[in-house]
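Below is one structure, written out as structure tokens; the observations come after it.
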Amino acid sequence: MRRLITTANDYTPALDLNPASLTMQFTGVSRPENVGLFYQQVIDWVAELADEYDSSRPGTLKLIFKLDYCNSSSQKYILIVLEKLVELKGIGLSLVVDWHYDEGDDKMLEDGEDISDAIGIKFNLLPYK
Amino acid sequence: MRNKKIRILIQNSKDRLMRKTGEVVFLQYEGPVKYDTIGFLISELKEKMFEAQVKQAVYKKVLMVMIESLENIFKYHEFFDQDKNIMNEYPPHITIFKSDEYFRIESKNLVRNNDLNQLKTRLDKILELDKNGIKEAYKQTITNGRFSEKGGAGLGIIEMAKISDEKIDYKFKPINSNFSYFTLTLIIYCI
């Protein structure tokens, strides 16, 4: 299965979706001009993972968010991605979410708490300096 | 009636703050809003915040309000682009005022009168909520909210209300049978 890597720019985060290490990393700023188009590639990748994952080998998928800014439309799409990932429990993949935030950035901390609360999964809220 | 009272309270509160500390225009933009315009204003704000040594937590809140306001204007700009006279007279506008104690972010843009009631209802519902109620509305909207044809999910205004340190304030100025000029004001404390 393919590894999806994209570079960051002023509007979109860098993506590193790696089926070998079972990690999905989002780094940078998320306020794409076309938010649906940007996150569709992530949703498609998750669908591929669901099709191709060997369900006889239970594992843990780790989501790593290191975002400086995330607009409200992106938050909605992150929730949609999380909903898709929760469904992977059926093929033996459990989910861990690491939400990194700058220790002085209450807004990114609150975003992590609120998305975590909305999806009903406990995020690891990890401050950095 | 209750909303009227709330708005009067906010105005009184603003007046008290203004008398106490005064305000200066920190950043102002008026004109068409393209996607690049938002990027340009983000850079401007970042530079000014750095110069003014504003705490990151405050900066990020003001940034968020500015971006959500501008993205909202950008999403709906083509409804008004055809009518150049109206656009020239009532252009998209954002001013960020700063005092020693708070930032006041005021955005103005045209809205279609057809959309006015829905927007007003949504804003009035938010105004009735306390902080916990706003959090619950966020949760409901992010999990159940449908995207509009413009990609909005109604989350933007809830997001702004969530971080605003005072109740959001709004007003509509009727222009003609088709359009009104919408003003939205939020306060972020510099604490």
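In the order they appear, the protein sequences are chains A and B.
For the first sequence, the residue numbers in the numbering used here are 13 to 141.
For the second sequence, the residue numbers in the numbering used here are 4 to 194.
Ideal placement from N, C-alpha and C gives every residue a C-beta, glycine not left out.
- The C-alpha of Ser46(B) lies about 23 Å from the C-alpha of Tyr140(A).
- Closest in alpha carbon position to Ala130(A), among Tyr62(B), Leu30(B), Glu131(B) and Tyr141(B), is Tyr141(B).
- If you draw a straight line from the Cα of Lys74(A) to the Cα of Glu99(A), it is about 14 Å long.
- If you compare the alpha carbons of Ile99(B), Lys174(B), Glu81(B) and Val57(B) with that of Ile70(B), the shortest gap goes to Ile99(B).
- When 9 Å is used as the limit between beta carbons, Gln37(A) is near no residue of chain B, the shortest such separation being about 21 Å.
- For Asn30(A), no chain B residue has a Cβ inside 9 Å of its Cβ, as the nearest lies near 27 Å away.
- Between the alpha carbons of Phe53(B) and Ile76(B) lies a distance of about 26 Å.
- For Phe106(B) and Tyr173(B), the gap between their C-alpha atoms comes out near 16 Å.
- Residues of chain B whose Cβ lies closer than 8 Å to the Cβ of Ser84(A) are, in chain order, Glu71, Ala156, Leu158, Gly159, Ile161 and Glu162.
- Ranked by how close their Cα comes to the Cα of Glu95(A), the residues Asp127(B), Ile190(B), Ser167(B) and Asn147(B) have Asn147(B) in first place.
- Sequence-distant Cβ neighbours of Glu115(A) in its own chain, meaning closer than 8 Å and more than five residues away, are Pro139, Tyr140 and Lys141.
- Taking a beta-carbon distance threshold of 8 Å, Tyr184(B) does not count as an interface residue toward chain A.
- Our two residues, Asn46(A) and Gly159(B), have alpha carbons roughly 16 Å apart in a direct line.
- Checking the DSSP bridge columns, you'll see Pro139(A) partnered with Tyr113(A).
- The residues Tyr89, in chain order, have a CB closer than 6 Å to that of Tyr51(A) in the same chain once the five nearest residues on each side in sequence are set aside.
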